[in-house]
Amino acid sequence: MRTLMLAFLSGLILLSTAAAMPFSRGELLVRLNEGAMLDRAAYETLFTGFRPGLSVSAVSTLELGALRYQRVTLAGVDLLEDAAVREEAIARLNGHPAVAAAFENTALEIPAWTEKLPPKKPVRTHSWHLEATAAHHGWLASKGRGVIVAVIDTGVDYRHELLAPNIWTNEAEAKGKPGLDDDQNGYIDDYRGWDFTKNANDPLDSAGHGTHCAGIIAAEHRFAAYFSGMAPKAKVMPLKIIVGKTEGFLYDAAAAIKYAVDNGARVLSNSWRLYSNWTKYIPNKEALELLALAIGYANERNAVFIAAAGNESKDIDHLANNLQIYPVGFTALPNLIGVAAFDVAGKLSNFSNYGAKAVHVAAPGTDVYSTVPDNKYKYMSGTSMATPVVAGLAALMLSYDGTLTPAEVLELMVANSEPLPSLAGKVEADGKINAYKTLYETIAH
399 MRTLMLAFLS GLILLSTAAA MPFSRGELLV RLNEGAMLDR AAYETLFTGF
449 RPGLSVSAVS TLELGALRYQ RVTLAGVDLL EDAAVREEAI ARLNGHPAVA
499 AAFENTALEI PAWTEKLPPK KPVRTHSWHL EATAAHHGWL ASKGRGVIVA
549 VIDTGVDYRH ELLAPNIWTN EAEAKGKPGL DDDQNGYIDD YRGWDFTKNA
599 NDPLDSAGHG THCAGIIAAE HRFAAYFSGM APKAKVMPLK IIVGKTEGFL
649 YDAAAAIKYA VDNGARVLSN SWRLYSNWTK YIPNKEALEL LALAIGYANE
699 RNAVFIAAAG NESKDIDHLA NNLQIYPVGF TALPNLIGVA AFDVAGKLSN
749 FSNYGAKAVH VAAPGTDVYS TVPDNKYKYM SGTSMATPVV AGLAALMLSY
799 DGTLTPAEVL ELMVANSEPL PSLAGKVEAD GKINAYKTLY ETIAH
């Protein structure tokens, strides 16, 4: 698989918007040679005498098929501010016979979104995303029961009144002994997901973004609220990879993707992307390859990866100098579905990126009502909101027919989208998703 990824990545450059930092101040990533393994002591020996006060504080390992990556956490240095130290540290790692490549731990970001408070009383616009996609008609066939959707984001407020009934539970850990890795998956007490930013078992939301996305997917259906998730019987797996709105890193994203599919998720909702500050920082191909390999790992385990197109009003098929944003730019990956946003008038949202090659479908993304922490609700706008709408549709489809491959899920969504003039030539489907039509064809498939 790595050979295919290298060929695919050739000539591609990443494009994104500004985040807090382009890469981690104190972490480097290593791809090991086949069969090799290094422990903390080995790295400490490698860096002996490198810089006064430098130490190796932690080493973690991620295996993606036959490939093995490690995150090396260094204390006493600032890799962001001191380029010379960063380059020397990478060179020293690359000189070790067990190391195939060393590179920065690239930052993640969430495309800028807007939000506003809803009216005090429930109104029909609370569910316009359901009406615009005919999701409520599709519920006659499926409500998402039995499907796990991983929300890879800022965490989820799993205590929210409309989310608590649909939060995924790792039964082996929930019924196991505290402090033990009862299911031996490498994560202790991960009974409701994981916080990869702290390597801890509490993925509680720190920004509201992930909770909003989770509600769009699987908020419990209550008539009095005029609101529901697209798949109100699906289960949400909270996986936290970003603190606040800006601080997250590639290694955690790759680890979360692997965790999700290893623990049963069939749909992965991803309203984030890699950083580059509009070409001021270009991650090397090793960083892109790691992310592509993680998504490919999900494909091999029959999981659909839904990715936001971004919010810069740009045609991402035709950016200058072969620029691209990722993960939506990995157009060769068969399980990746790129998502644009449209508004209540049926027009491409004025902020949404588009491109008939990189972006497959469009979904409601302007003024979408959903859950936020502390049993509250807000309208938010962005392709971040359109992405979980599509994730919810994927859950409905897989609930009805769990034998569908990711490629078949994409094919059915595109083929049964509803044409819209404003989306013609902007997305592969030339229109918006239609849950009812898609589920009808899923039944006939």
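Counting in the working numbering, the sequence shown runs from 399 upward without gaps. Heads up, the beta-carbon is just placed ideally off N, CA and C, and yes, glycines get one too.
The beta carbons of K541 and K643 sit no closer together than 8 Å. Here A499 is not near P420, since their CB atoms are 8 Å or more apart.
Setting aside the 5 residues that flank it on each side, I508 is surrounded in the same chain by H607, I640, K643, S669, W670 and S782, each with a C-beta closer than 7 Å to its C-beta; the list follows chain order. Only exposed fits H716, as fewer than 16 other CB atoms lie within 10 angstroms of its CB. A straight-line Cα-Cα distance of about 8 Å links F501 and N682. By the neighbour-count definition (other C-beta atoms within 10 Å, threshold 16), I841 is an exposed residue. Straight across, the Cα-Cα distance linking A761 with T531 is about 8 Å. For V483, there is no enclosing beta strand (DSSP E); the enclosing alpha helix (DSSP H) covers residues A481 to N492. In terms of CA proximity to S667, A792 leads the group L462, A456 and A792. In the structure shown, W537 adopts coil according to DSSP, grouped into three states.
Every alpha helix (DSSP H) stretch that sits fully inside the region 563 to 631 and reaches 4 residues is listed by chain position as 569 to 572 and 607 to 616. When secondary structure is reduced to three states using DSSP, I841 falls in the helix class. The secondary-structure analysis by DSSP pairs A701 with nothing; it has no beta-bridge partner.
In this structure, V788 sits near I831, with a CB-CB distance shorter than 8 Å. Selection G536, T785, F703 and A612 evaluated against A562 yields A612 as nearest (Cα-Cα). For I655, no beta strand (DSSP E) run applies; the uninterrupted alpha helix (DSSP H) run containing it begins and ends at L648 to D660, by DSSP.
By alpha-carbon distance to T512, the top candidate from H610, A456, W566 and A617 is H610. When the five nearest sequence neighbours on each side are left out, the beta carbons in the same chain lying within less than 7 Å of the beta carbon of G424 are those of T471, L472, A473, V475 and L477, in order along the chain.
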